[in-house]
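The opening residue of the first sequence carries number 77 in this note's numbering; numbering runs sequentially from there. Using N, Cα and C, we set each Cβ at its ideal position, and we do this for glycine too. Heads up: the structure comes next, in structure tokens.
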Amino acid sequence: MVEKKIFRAPSGTRDILAPESYRWQKLISIFSHIVESANYGLVINPLFEEVGVFTRGMGEASEVVKKEMYEFTDKGNRTLALRPEGTASVVRSFVQNRPVLPWKAWYVTPAFRYERPQAGRYRQHHQIGVEVIGIQDPDLDVEIVSLMSQLYQALGLSKIELKINSIGDEQCSFSYRQLLLEFLTQRQDELCEEHKQSYSYNPLRVLDCKKISCISLTEQAPKLLDNLCNDCYAHFDRFQNGLKSLGIEFKIDHRLVRGFDYYTRTTFEFVGLALDAAQNGIGGGGRYNGLVESLGGPSEAGIGFGIGIERLLLACDAEDVFQIKPSQIDIFVVDVTGGDQARDLTYRLRQAGLKADRAFGSKSMRSQLRLAHRLGAKAALIIGSEELEAKKVALRWLNQEILEDGVEKSQQLIDSSEIISYLKDLSEFH
RNA sequence: GUGGCCGUAGCUCAGUUGGUUAGAGCGCCAGGUUGUGGCCCUGGAGGUCGGGGGUUCAAGUCCCCUCGGUCACCCCA
77 MVEKKIFRAP SGTRDILAPE SYRWQKLISI FSHIVESANY GLVINPLFEE
127 VGVFTRGMGE ASEVVKKEMY EFTDKGNRTL ALRPEGTASV VRSFVQNRPV
177 LPWKAWYVTP AFRYERPQAG RYRQHHQIGV EVIGIQDPDL DVEIVSLMSQ
227 LYQALGLSKI ELKINSIGDE QCSFSYRQLL LEFLTQRQDE LCEEHKQSYS
277 YNPLRVLDCK KISCISLTEQ APKLLDNLCN DCYAHFDRFQ NGLKSLGIEF
327 KIDHRLVRGF DYYTRTTFEF VGLALDAAQN GIGGGGRYNG LVESLGGPSE
377 AGIGFGIGIE RLLLACDAED VFQIKPSQID IFVVDVTGGD QARDLTYRLR
427 QAGLKADRAF GSKSMRSQLR LAHRLGAKAA LIIGSEELEA KKVALRWLNQ
477 EILEDGVEKS QQLIDSSEII SYLKDLSEFH
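In structure tokens, the structure reads:
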């Protein structure tokens with residue numbers, strides 16, 4: 077006896093089958109139309125990189141880099157990691173290929189993080205996003221956010237909120253950091269237990285701590301926006317005005333400090349208000365004006381966002397929108413004469429552009445029609461011995477109420493040689 | 001990495017204070033007089049009760065371990 081072992085998808089991963097996968101196809105298709113109409117081009121990057129791409133990009137100290145990376149050594153002793161997010165890889169590919177500026181790219185990719193799975197969080201999740209290299213203009217920040225907004229609108233989401241902030245450039249961010257550090261040092265006994273230890277290492281992180289003690293303390297702390305330099309302030313100001321001009325609502329969130337070290341100036345995040353799970357962020361991003369350089373490239377500005385597909389769909393479920401039905405099949409071929417007719421006819425139907433299926437094995441006519449009904453076929457083409465003899469096929473419409481016995485059911489005989497061209501002319505199949 | 005809850009058919013679950021061959025609904029398959037989908041009716045397939053160990057005359061039920069799922073913390077999409 078062979079021991080029966082049932083393999084399962086690894087913890088934190090899952091299989092997406094039809095019909096759920098239809099939503100994914102449709103979602104990606106909608107997104108690609110939105111970004112391509114704004115002249116973004118698809119970029120496809122490797123799923124793994126030298127680990128340095130991520131440690132330098134996202135910051136050695138970030139939680140994701142410290143404890144969540146899928147790191148491994150390959151047979152050539154290279155230290156690699158599965159991408160935990162999209163931006164660092166895309167920027168690395170910019171530095172390597174140096175496309176002409178400005179470079180506007182979009183992507184869809186899996187992302188891997190080793191953490192305990194829970195609602196809306198996976199070890200392999202999927203992101204769609206864009207990155208732009210080479211533009212400082214704050215109007216681009218507006219464009220970027222507008223693309224996200226367009227996607228949410230296209231899906232029918234309405235219970236969402238946009239939060240924005242600016243964390244300044246290298247100069248004013250640094251001086252703000254000093255200011256905050258002084259404040260926190262003076263009142264460190266009011267911090268939560270964890271940040272009493274770690275606040276001096278990266279004081280900005282205290283701002284998005286969820287502990288009540290840290291929240292009430294940081295409400296009194298100096299604000300980022302009050303300490304921006306003139307240029308950063310002007311940038312943020314024009315960003316806000318642009319959003320207003322497009323009618324995109326937002327809230328300034330002084331505590332919005334995103335998790336990766338590479339952000340400068342504008343940061344933003346959309347949350348799904350209908351989501352009751354702990355993970356309600358459905359997309360976020362910001363500027364990263366130093367990242368290209370830190371990955372070995374020229375000093376060029378960058379900005380981008382990432383949207384988690386799983387969470388986006390959870391948000392759609394919570395609002396009961398974007399529920400996709402798979403397209404029904406056009407024709408189901410019923411053949412009770414041995415299968416030759418079904419084999420050849422389905423092939424011809426598909427060549428003619430119709431969505432067609434059939435039953436395999438020698439099933440009864442009733443069984444085959446049940447299958448046709450269950451699959452939601454618009455019509456069946458029936459071939460029995462009489463039809464075969466007469467070189468005809470019976471066309472039977474299925475997408476209608478079943479009629480009482482004795483009432484003529486809609487069915488007609490058509491010459492086999494003409495069936496394809498007959499069907500192609502029918503409006504039902506266009 | 002830390003903690004709470006939960007593992008019985010493909011799915012959703014029942015299973016009484018431990019007591020015969022472990023059940024239902026849905027789904028699936030086949031039939032309901034030899035060629036017709038719904039509904040209805042009949043029958044069928046499908047489970048080593050997550051796995052291992054223990055207590056007991058007897059364990060799906062009690063205890064321990066383990067694996068898996070789930071939710072929360074941390075952090076993020």
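Rounded to whole angstroms, the gap between the alpha carbons of residue 339 and residue 435 is 56 Å.
In this structure, 451 is the residue among 377, 466 and 451 with its C-alpha nearest to the C-alpha of residue 402.
Shown here, residue 245 sits in coil according to DSSP, grouped into three states, outside any helix or strand. Per the Cβ contact rule, the stretch 222-239 is in contact with the stretch 340-349 (3 or more Cβ pairs under 8 Å). Inside the stretch 390-453, DSSP marks whole alpha helix (DSSP H) runs of 4 or more residues at positions 416-427 and 441-450, from first to last along the chain. Per the DSSP secondary-structure output, residue 340 pairs in a beta bridge with 363. Under the three-state reduction of DSSP output, residue 376 falls in the coil class, being neither helix nor strand.
DSSP lists 183 and 382 as the beta-bridge partner residues of residue 205.
Non-local beta-carbon contacts of residue 343 in its own chain, meaning distances under 8 Å to residues more than five positions away in sequence, involve 240, 241, 242, 243, 332, 333, 334, 360, 361, 362 and 363 in chain order. When secondary structure is reduced to three states using DSSP, residue 469 falls in the strand class. Beta bridge pairing from DSSP links residue 94 with no other residue. Per DSSP, the unbroken beta strand (DSSP E) holding residue 124 starts and ends at 124-126. Taking a contact as a CB-CB distance under 8 Å, the pair residue 469 and residue 496 does not count as one, their CB atoms being some 10 Å apart.
Per DSSP, the beta bridge partners of residue 357 are 347.
Inter-segment contact for the stretch 276-283 and the stretch 252-261 is present: three or more beta-carbon pairs are separated by less than 8 Å.
Within 10 angstroms of the beta-carbon of residue 337 lie 16 or more other beta-carbons, which makes it buried. Taking 8 Å as the upper bound for CB-CB distance, residue 368 and residue 223 are not in contact here, some 21 Å apart. Around residue 206, the same chain offers 111, 116, 180, 181, 182, 183, 220, 223, 380 and 381 as residues with beta carbons nearer than 8 Å, after the five sequence neighbours per side are excluded.
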